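Accompanying notes for the structure given below.
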Amino acid sequence: MNVLAELSIFPMDKGESLAPYVARAVTIIEQSGLAYQLGPMSTVIEGEWDQVLEVVSRCQNDLAKDCDRILVYLRLDCRRNRVDAMGAKVKSVQKHLASD
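According to UniProt numbering, the sequence shown is numbered sequentially starting from 1.
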């Protein structure tokens with residue numbers, strides 16, 4: 001089953017600038033080989049259920065090495081027989097915008 005996951009993960013105990021910690025998570029996502037798209041407030045990851053949840057777990061475990069409190073927002077869209085959900089969803093909305 002294809003999963004489109006929106007992940008926002010960051011420590012709550014490391015002060016104001018969290019970019020270095022977010023970058024660690026994004027590096028793990030990038031190294032997974034799964035399709036992903038970095039956004040200003042979250043990262044979207046696409047893959048199979050087990051693959052995506054494994055990557056999320058690896059991100060949390062990495063931050064847990066030196067963070068005492070981690071906030072994780074995870075939203076999942078699971079659908080059979082779907083590929084390139086990230087691209088298809090955006091193209092669908094753009095198509096409707098162009099027809100208006």
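Glycine residues also receive a C-beta, built at the ideal position from the N, C-alpha and C atoms.
The structure displayed is predicted, hence computed values, not measured ones.
- As DSSP reads the structure, D77 sits in a beta bridge with L4.
- In this structure I28 is in contact with C59, their Cβ atoms being roughly 5 Å apart against a cut-off of 8 Å.
- L74 is the residue among D13, R82, L74 and V83 whose C-alpha sits nearest the C-alpha of V44.
- Per DSSP, the unbroken beta strand (DSSP E) holding E46 starts and ends at T43 to E48.
- No Cβ-Cβ contact shorter than 8 Å links S57 with S8.
- Rounded to the nearest whole angstrom, the CA to CA distance from A19 to F10 is 9 Å.
- Under the three-state reduction of DSSP output, V83 falls in the coil class, being neither helix nor strand.
- For C78 and A25, the gap between their C-alpha atoms comes out near 22 Å.
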